[in-house]
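A.B. asks: Dropping a structure here in C-alpha cells format, bear with me for questions.
Next comes the structure, spelled out in C-alpha cells:
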C-alpha cells in the first residue's frame, strides 16, 4: 500500500516514498518515482488517486518553475506550500477535484531552515517536524512521536534519544530513523511496499540517496 | 500637424516618440518632490506637499490613520511604503491597485509581496495604458521603499511609461535634477538609517521651493526592521513628529522669526 514519509533534522529534510505503481491488487511497476524536485531546494512527495497524482504534480512543477523564471528566484518553501494548498482547496470545490496527498519539504535559504509541510486532498496544511501519508503513517508516526514527547518533557535540554525523531539530528541519525520507520512498516503492514526512493534537500540542494 | 501624434497614446510620432508619455513625465517634473534614500538598515522617504492653504482642513491628518496626511506617502503593504509624484487622483487609483495586488499575493502565498514584484505589477498596469484602452497614461511616478527576505531593503522608481529601476538614492518631481546631484555627492555606501534621515532632510530643505520647512509642507516615512520580531516596520510620521524631527536636526525654520524682519 502506498506510503510516504518525511522527517526534518539539523539543516535538512529527508523525503521517502514507496515506488510501487499498483492497480487493484496487481503491482504494475516497482520503480515509480513519486518525489518531484520542484526547485533547487524543494521536494514534493505525492500519493493518492493514480493519474490525479501525476497530473497535479506536473501542474505544480510547471507553475513553480514559471514563478522562478518570472522573478529570477524560487518561491520560499512556505510560499510554495501555501500556493499548493490553495490549488488543492480550489480544486476540491470544483466539479472534478484532485485527490492527492502531499509532503512538501524544502530548505529556506532566506532563514537557513529546513521546512516540512503536510498537505492532504482536502486542502489541510500543517507545518510539521515529521509527517507521513498512507497506511505506513499509522505505524511510523507513533514511532517518531516517542522522541517528541521526550523532547518536550526535557524541554530545552537537547538530550534526545537519537533512534527516534530529533529535530537536531545529524543526517546519518535521520537516515537511521527513516530506516526504523521503513522496517516497522515492513514488519506490521499486511501489504507493505518493497522498495523506497529517498531524497534529501539541504543547503546544497536536492539529491537522491540509496538506503 | 504635430497634434496628429499628440492626441493618442497608442500612436508613435514619425520620430518614433510617444508624446503623451513625454507630457506625462513633464507633468510629474512639476509636481512636489519625492525623495528616497536606501540605507544599510532601512529606507527613508520624504515628500513635499505643494498645494496647501490656510483654509485647508488638516484636522483629520493630524489624528487619524497610520500617520502622514495621505497626500504623497502611503502604506502599500506592511513591508512597502510608496511615495507619489504627479496627479493625485491618478495616484489614488494606482495605490488602490497596489494594495489589492499586495493582499492578493498574501492570500495566495501567505507571504508579503516582494518589493520588486509589487513594482512590476504596477508597471504592467502602467505600460498597458501606453498601448491600449484609456485616453491617457497615468500621470504618476512612484518611489517604492520596501523590504523582503530575498533582497533585503530596496528602493524602486517607476514612471508613466511602465519602466522601473532600483536605486540607492533617487528623487522624482520638481527640482529632481538638483536633488539627484546633491545625493550623488553626499551618498555613501553602507550609510546608516540615522545618517540617511538627515541626508534626506538636508537635501529636501535645499531643493524645496518654500523657505519654511515644516509638517505643513513635508511628509516623511521610514522603513526599518523591528529589532525584536525582525519583521519590517513602516513608520509614516505624523505632523507633530515631523516637526520634532526637524527641530532635532536643526532644520526647523521658525515662520514668525522669518516674518519679523519683513514687517
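Protein chains in written order, with my numbering: chain Z, 333 to 543; chain E, 475 to 737.
All C-beta atoms in this analysis are idealised placements derived from N, C-alpha and C, irrespective of residue type, glycine included.
Verify the contact flag: residue 680 of chain E, CB atom, against every heavy atom of the ligand FMN, threshold strictly below 7 Å.
C.D. replies: Absent from the structure shown: the ligand FMN. Ligands present: none.
A.B. asks: Please classify residue 508 of chain Z: does DSSP put it in a helix, a strand, or coil?
C.D. replies: helix
A.B. asks: Would you say residue 583 of chain E lies against chain Z (beta-carbon separation less than 8 Å)?
C.D. replies: So, interface residue.
A.B. asks: Would you please state the rounded distance, in angstroms, between the beta carbons of residue 569 of chain E and residue 697 of chain E? I believe it to be under 8 Å.
C.D. replies: That belief does not hold up - the Cβ atoms of residue 569 of chain E and residue 697 of chain E are roughly 16 Å apart, past 8 Å.
A.B. asks: Which residues in chain Z sit within 7 Å of residue 504 of chain E, going by Cβ to Cβ distance?
C.D. replies: For a Cβ distance threshold of 7 Å, nothing in chain Z lies close to residue 504 of chain E: the least Cβ distance comes to about 35 Å.
A.B. asks: Which runs of the alpha helix (DSSP H) fall wholly inside the segment 603-665 of chain E and span at least 4 residues, in chain order?
C.D. replies: For the segment 603-665 of chain E, whole alpha helix (DSSP H) runs of length 4 or above, ordered along the chain, are 650-660.
A.B. asks: As a quick exercise: from Z:472, Z:411, Z:528 and Z:465, pick the residue whose alpha carbon is nearest that of residue 371 of chain Z.
C.D. replies: Z:411
A.B. asks: Give every residue of the same chain whose Cβ lies closer than 6 Å to the Cβ of residue 392 of chain Z, excluding the five residues on either side of it in the sequence, and list them in chain order.
C.D. replies: 416
A.B. asks: Specify, as a first and last residue, the run of the alpha helix (DSSP H) that residue 445 of chain Z falls within.
C.D. replies: Residue 445 of chain Z -> not in any alpha helix (DSSP H); beta strand (DSSP E) instead, spanning 445-451.
A.B. asks: Would you give the residue range spanned by the alpha helix (DSSP H) that residue 562 of chain E belongs to?
C.D. replies: Counting along the chain, the alpha helix (DSSP H) containing residue 562 of chain E begins and ends at 562-583.
A.B. asks: Under 8 Å, do residue 647 of chain E and residue 552 of chain E count as touching if we go by C-beta distance?
C.D. replies: Annotated as distal: residue 647 of chain E and residue 552 of chain E, with beta-carbon spacing of 8 Å or more.
A.B. asks: For residue 414 of chain Z, go through chain E and note every residue whose CB falls closer than 8 Å to its CB, in chain order.
C.D. replies: 582, 583, 584 and 585
A.B. asks: Is it buried or exposed for residue 356 of chain Z, if we count other Cβ within 10 angstroms and need 16 for buried?
C.D. replies: exposed
A.B. asks: Name the one or two DSSP bridge partners that residue 369 of chain Z has.
C.D. replies: Z:375
A.B. asks: Please say whether residue 447 of chain Z and residue 499 of chain Z have beta carbons closer to each other than 8 Å?
C.D. replies: no
A.B. asks: If we call anything under 8 Å between Cβ atoms a contact, is residue 532 of chain Z one with residue 346 of chain Z?
C.D. replies: yes
A.B. asks: Can you name the start and end residues of the beta strand (DSSP E) that residue 280 of chain Z belongs to?
C.D. replies: Residue coverage of chain Z in this structure runs from 333 to 543, which leaves residue 280 of chain Z outside it and unanswerable.
A.B. asks: When the cut-off is 8 Å and only beta carbons count, does residue 488 of chain E lie next to chain Z?
C.D. replies: No, residue 488 of chain E does not count as interfacial toward chain Z.
A.B. asks: Thinking C-alpha only, which one of Z:541, Z:476, Z:520 and Z:542 is nearest residue 340 of chain Z?
C.D. replies: Z:476
A.B. asks: Apart from the five residues just before and just after residue 474 of chain Z, which ones in its own chain have a Cβ nearer than 8 Å to its Cβ?
C.D. replies: Closer than 8 Å at the Cβ level, and outside the excluded window around residue 474 of chain Z, lies no residue.
A.B. asks: Taking 8 Å as the CB-CB limit, is residue 397 of chain Z close to chain E?
C.D. replies: no
A.B. asks: With a cut-off of 8 Å, does the C-beta of residue 623 of chain E fall near any C-beta of chain Z?
C.D. replies: Closer than 8 Å to the CB of residue 623 of chain E there is at least one CB belonging to chain Z.
A.B. asks: Note down the Cα distance separating residue 530 of chain E from residue 692 of chain E, rounded to an integer number of angstroms.
C.D. replies: In this model, residue 530 of chain E and residue 692 of chain E are separated by some 15 Å (Cα to Cα).
A.B. asks: Excluding sequence positions up to five away, which residues of its chain have a Cβ less than 8 Å from the Cβ of residue 516 of chain Z?
C.D. replies: 471, 472 and 475
A.B. asks: Tell me the DSSP bridge mates of residue 336 of chain Z?
C.D. replies: Z:349 and Z:465
A.B. asks: Name the chain Z residues whose beta carbon is nearer than 9 Å to that of residue 591 of chain E?
C.D. replies: Near residue 591 of chain E (Cβ distances below 9 Å), the residues of chain Z are 402 and 403.
A.B. asks: Please decide whether residue 420 of chain Z counts as near chain E, where near means a Cβ-Cβ distance under 8 Å.
C.D. replies: no
A.B. asks: Taking the alpha-carbon positions, what's the residue 385 of chain Z to residue 379 of chain Z distance?
C.D. replies: When rounded, the distance between both Cα atoms is 6 Å.
A.B. asks: At 3 residues or longer, what runs of the beta strand (DSSP E) sit wholly inside the segment 685-710 of chain E?
C.D. replies: 692-699 and 706-710
A.B. asks: For the alpha helix (DSSP H) that contains residue 677 of chain E, what are its first and last residues?
C.D. replies: 667-681
A.B. asks: Any Cβ of chain E within less than 8 Å of the Cβ of residue 407 of chain Z?
C.D. replies: Nearest CB-CB separation between residue 407 of chain Z and chain E: below the 8 Å threshold.
A.B. asks: Is there a Cβ of chain E sitting closer than 8 Å to that of residue 356 of chain Z, yes or no?
C.D. replies: no
A.B. asks: Residue 439 of chain Z bridges to which residues according to DSSP?
C.D. replies: Residue pairing by DSSP puts residue 439 of chain Z in a beta bridge opposite Z:446.
A.B. asks: Quick one: residues in its chain with C-beta nearer than 8 Å to the C-beta of residue 502 of chain Z, no 5 flanking neighbours on either side, listed in chain order?
C.D. replies: Answer for residue 502 of chain Z: 341 and 342, listed in chain order.
A.B. asks: Residue 398 of chain Z to residue 509 of chain E, Cα distance in whole Å?
C.D. replies: In this structure, the straight-line span from the alpha carbon of residue 398 of chain Z to that of residue 509 of chain E is close to 35 Å.
A.B. asks: Tell me whether the beta-carbon of residue 677 of chain E lies closer than 8 Å to the beta-carbon of residue 653 of chain E.
C.D. replies: yes
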